[in-house]
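Asks: Quick one: the structure is below, and I'll ask about it shortly.
Have a look at this one:
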């Protein structure tokens with residue numbers, strides 16, 4: 002058979018197959034016809050010309066028409082529907098340590114290997130990468146101008162031999178339209194119960210002026226806030242889901258001296274819980290008032306995204322072309338709901354529960370506190386113990402009582418490419434891409450020195466004297482009598498004393514934004530030559546490509562202000578430097594969150610690569626590729642080869658396979674001496690959220706490597722298409738952070754002579770102060786005291802970027818479809834699934850000691866550890882019917898259930914509170930979503946117009962329950978419920 006005819010036949014048949022790969026993706030003829038007009042294009046995963054469907058590597062192609070017919074209005078929607086994708090960022094998931102710092106960002110996580118291991122390209126070039134060691138290092142898919150796309154290509158195989166670092170799990174290539182003329186306007190509106198709904202709009206304009214085609218467009222997407230109080234599953238009682246509850250609250254528990262008290266703890270000293278816990282929504286639990294921050298949070302944050310795109314294609318001659326691209330992307334989250342206030346873990350008393358803060362007996366809140374709690378006279382001293390600012394009273398600066406974080410992302414990208422055909426068999430191209438990504442984010446942090454001053458009547462911006470409560474000097478009232486009620490739950494406070502409120506002006510003075518301004522500038526230069534040799538072994542000319550690449554990245558980190566600048570304020574007390582070199586060095590001036598240091602880092606990468614395609618016969622071809630990259634410094638260099646084979650033994654059968662090595666180098670920010678602070682609900686601290694500091698590793702952090710291979714087959718005949726691929730990834734020296742959960746669990750592990758856990762009088766597990774990892778934890782008072790220190794005494798945990806354990810994962814991908822004519826219409830039925838066979842994580846050794854034993858992640862929720870939830874099966878199926886401009890589609894998406902590995906074997910419960918045991922979330926059930934999408938092309942001759950209607954999750958299925966703060970697993974379930982969508986597209 003003639004090879005060119007074979008390729009055309011394969012491409013035409015495989016386009017039907019490609020439509021089955023994505024869930025809810027309709028068959029699109031127009032995009033394929035455009036591809037066929039060009040005949041030969043460059044495949045994602047190769048620099049040698051070919052057709053995507055004809056490639057030896059597993060590449061799936063989705064057209065813009067596919068996205069339209071499926072009701073996709075954002076890259077996140079498209080990505081979450083791919084069965085080969087694991088946990089992704091983009092929805093509300095602030096309680097996962099792995100997701101913090103990522104607000105507003107989008108990612109793609111092929112094979113569940115982490116978003117940093119999937120390379121995102123835009124028109125075949127590297128695109129905007131979110132900065133930062135924790136919140137960045139991956140291509141931000143939310144910056145992609147969806148309105149300008151012609152197609153999306155997903156390579157589900159390692160491609161470091163072609164593209165270099167980051168392409169371990171695969172590549173997502175977003176490709177724009179070419180030669181577009183006219184105007185296209187799109188808009189849609191989603192009705193989401195409990196919110197002010199979501200909506201998008203875009204416009205794209207194209208015009209050809211002689212040899213120049215100009216295309217420009219703008220898009221806007223708005224997501225409205227969806228409070229947790231709008232979904233019942235998000236607010237579980239304490240005795241059902243204790244993960245959402247804390248022991249630190251307002252009403253709080255105080256130490257009182259010389260006035261009696263509920264629980265004596267020393268001569269003349271007692272613990273006294275404040276009044277109003279149950280009245281305000283809490284749970285009175287002995288001397289503790291259980292507090293849940295969930296009612297103050299959101300399932301979806303109010304978000305505005307903007308994208309602008311300009312593209313120019315210029316034919317300088319018949320053999321010389323230029324393309325210029327400019328992208329602007331902006332994402333604003335100005336009011337992220339969070340806890341009304343973070344609890345004090347450090348303060349004038351150092352690192353300790355309550356921070357060592359004291360309340361002046363002259364504080365106006367003291368007298369009602371004494372009277373309401375039946376104390377015997379005014380205490381000589383009052384200390385803060387189990388408490389957080391505002392708590393159930395809510396933050397007075399917000400109508401709902403929430404604290405408010407913010408994240409603002411601004412990015413631009415310019416890319417210019419010259420292409421030259423030196424002959425029919427030799428061509429070259431030079432590209433220069435320049436990018437900047439700036440991210441400014443912060444959380445409301447209370448400055449410890451200011452809080453102590455306000456507790457003593459010396460608070461406020463206008464306080465200049467030393468007399469408590471004098472004009473301009475304000476008191477901060479820490480007691481429950483300070484507020485009229487719980488604003489988010491609408492509960493009245495019977496212990497409120499009018500006039501004792503904390504004014505918004507005082508709260509604003511106490512609070513400063515704690516965060517950073519991160520910026521990453523990247524320059525990429527590519528020089529690529531390709532062509533066909535004068536060598537033909539019987540299957541056609543040998544194709545080849547070779548080139549070089551230079552990448553330079555500049556990363557900058559700057560604290561938002563002096564209060565979070567650890568170079569200026571390294572200690573808990575403002576302006577104090579006495580802690581430098583000690584345990585509290587770097588704790589910072591905030592009562593809970595850590596600080597930042599200025600950092601400027603540069604990374605230079607030089608690479609050379611080559612590739613050859615050898616058609617042995619018309620039906621058998623071999624491809625080989627190799628790449629050498631040099632990072633210099635402590636990272637060094639790496640060489641990665643790859644080979645692939647494609648064989649078509651019969652017209653209806655294609656066999657393919659690939660094998661190679663791949664790698665990923667550390668980010669510049671991961672080898673810096675800086676650290677950032679995240680939050681984690683530590684199991685060793687009874688689920689209470691503690692600060693986890695994540696530091697860079699400038700000394701010995703090297704690249705990770707992986708051995709990968711893929712073997713597959715495609716069957717295509719009489720309208721039926723089926724494919725299966727077996728894939729394997731085997732990692733070494735995985736770039737990861739030391740496991741904060743494992744560190745805390747390892748240290749809080751004291752046992753008696755018989756090996757039974759040692760508990761204190763309160764039932765809390767005691768620490769083993771001889772543990773090799775005890776130095777990575779900051780405890781109340783600074784030191785670990787054997788027989789006294791327990792998990793609740795953890796103040797912060799130090800973690801660092803390291804080369805971690807071995808990881809191996811294998812699996813199978815399936816896709817099938819059948820297309821037939823029914824009358825004047827076309828019916829297509831299809832299904833797609835990914836099955837993870839193994840996901841084994843090896844032993845994690847740190848400094849010569851075993852930190853965490855290896856484990857199998859498949860079928861586990863992995864809610865407190867990487868790699869996150871690994872569902873054994875993910876899949877989808879659809880039925881699509883198209884007739885006379887009308888398209889109807891039914892789709893179903895499925896994510897397999899998992900178990901929470903944190904739960905011990907039955908009959909032991911998953912967790913136990915003072916109210917009894919709970920097994921909530923032991924088995925996280927599967928999630929199934931049913932969607933209907935309708936589209937109709939209006940019979941208007943003057944212009945093209947299409948109306949769209951969708952009902953997503955029309956059964957209104959709730960996300961499966963999980964023992965995490967939000968009550969469901971945000972990486973697998975859908976928190977939105979049933980969504981009604983109306984859309985329109987107009988072209989002229």
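Numbering (this note's numbering), first residue to last: 2 to 989. For every residue, glycine included, the Cβ atom is placed at its ideal position computed from N, Cα and C. None of these values were measured; they are calculated from a predicted model.
Here's a check: name, in chain order, each residue in its chain whose Cβ is nearer than 6 Å to the Cβ of residue 712, leaving out the five neighbours to either side.
Replies: Within the same chain, residue 712 has close Cβ partners 658, 727.
Asks: Do residue 308 and residue 177 have their beta-carbon atoms positioned less than 8 Å apart in this structure?
Replies: For residue 177 and residue 308, no; Cβs fall outside 8 Å.
Asks: Taking the alpha helix (DSSP H) that residue 65 belongs to, which residues open and close that run?
Replies: 65–70
Asks: Within 10 angstroms of the Cβ of residue 683, are there 16 or more other Cβ atoms? Answer buried if so, exposed if not.
Replies: buried
Asks: What residue range does the beta strand (DSSP E) around residue 981 cover?
Replies: Judged by DSSP secondary structure, residue 981 falls within the beta strand (DSSP E) whose first and last residues are 980–988.
Asks: Using a Cβ distance threshold of 8 Å, determine whether the stretch 921–940 contacts the stretch 892–907, with at least three qualifying pairs required.
Replies: yes
Asks: Taking the alpha carbon of residue 327 as the point to measure from, which residue in 234, 437, 358 has its own alpha carbon closest?
Replies: The residue with the shortest Cα to Cα distance from residue 327 is 437.
Asks: Taking 7 Å as the limit between beta carbons, can you name the residues of its chain near residue 435, skipping five residues before and five after?
Replies: 415, 524
Asks: Could you give the DSSP three-state label for residue 294: helix, strand or coil?
Replies: coil
Asks: Kindly identify the DSSP beta-bridge partner or partners of residue 895.
Replies: 876, 929
Asks: Alpha carbon to alpha carbon, how far is residue 363 from residue 971? Give it in angstroms, no decimals.
Replies: 47 Å
Asks: With respect to the beta strand (DSSP E) encompassing residue 657, which residues constitute its N-terminal and C-terminal limits?
Replies: 654–665
Asks: Residue 905 and residue 918 look like a contact to me (Cβ under 8 Å); what is the Cβ gap, rounded to whole Å?
Replies: Their Cβ separation, rounded to whole angstroms, is 11 Å, which puts residue 905 and residue 918 out of contact at 8 Å.
Asks: Check the DSSP bridge columns for residue 611 and list the partner residues they point to.
Replies: 547, 627
Asks: If you draw a straight line from the C-alpha of residue 369 to the C-alpha of residue 251, how long is it?
Replies: Rounded to whole angstroms, the gap between the alpha carbons of residue 369 and residue 251 is 15 Å.
Asks: Which runs of the alpha helix (DSSP H), 4 residues or longer, sit entirely within the stretch 196–279?
Replies: For the stretch 196–279, not one full-length alpha helix (DSSP H) segment reaches 4 residues or more.
Asks: If residue 218 and residue 310 are in contact, beta carbons under 8 Å, what's the gap, nearest whole angstrom?
Replies: 5 Å
Asks: For a minimum of 3 consecutive residues, which ranges assigned as the beta strand (DSSP E) are wholly contained in the stretch 382–433?
Replies: 382–387, 404–424
Asks: Return the chain-ordered list of same chain residues with a C-beta closer than 6 Å to the C-beta of residue 315, the five sequence neighbours on each side being excluded.
Replies: 213, 323
Asks: How far does the alpha helix (DSSP H) with residue 81 in it extend, from its first residue to its last?
Replies: 76–81
Asks: Just to confirm my understanding: we take residue 575, look at its own chain, exclude 5 residues before and 5 after, and list those with CB closer than 6 Å. What are they?
Replies: 450, 590
Asks: Pull up the distance between the alpha-carbon of residue 580 and that of residue 568, whole angstroms please.
Replies: 12 Å
Asks: Return the residue from the list 162, 829, 142, 188 that minimises the CA-CA distance to residue 629.
Replies: 162
Asks: Helix, strand or coil for residue 575? Go by DSSP, reduced to three states.
Replies: coil
Asks: Could you give the C-beta distance for residue 957 and residue 974, rounded to a whole number, given that I count them as a contact under 8 Å?
Replies: With a Cβ gap of about 13 Å, residue 957 and residue 974 do not count as contacting.
Asks: Look at the Cβ atom of residue 685, then the Cβ atom of residue 756, and state whether they are nearer than 8 Å.
Replies: no
Asks: Are residue 390 and residue 447 closer than 8 Å when you measure CB to CB?
Replies: yes
Asks: Around the Cβ of residue 857, are there at least 16 other Cβ atoms within 10 angstroms (buried) or fewer (exposed)?
Replies: exposed
Asks: Based on DSSP bridge pairs, tell me the residues matched to residue 440.
Replies: Residue 440 is bridged by DSSP to 410, 519.
Asks: Nearest to residue 444 by CA position, among 597, 500, 695, 374, is which residue?
Replies: 597
Asks: May I ask you to report which of helix, strand or coil DSSP gives residue 498?
Replies: coil
Asks: With distance defined between alpha-carbon atoms, name the residue in 908, 172, 504, 520 nearest to residue 440.
Replies: Ranking 908, 172, 504, 520 by Cα distance to residue 440 puts 520 first.
Asks: Measuring straight from C-alpha to C-alpha, what distance separates residue 261 and residue 283?
Replies: 25 Å
Asks: Would residue 588 and residue 273 be called neighbours here (beta carbons separated by less than 8 Å)?
Replies: no
Asks: What residues in its chain sit with their C-beta under 7 Å from that of residue 549, if we drop five residues either side in the sequence?
Replies: 528, 608, 609
Asks: With 16 other CB atoms within 10 Å as the buried threshold, where does residue 797 fall?
Replies: buried
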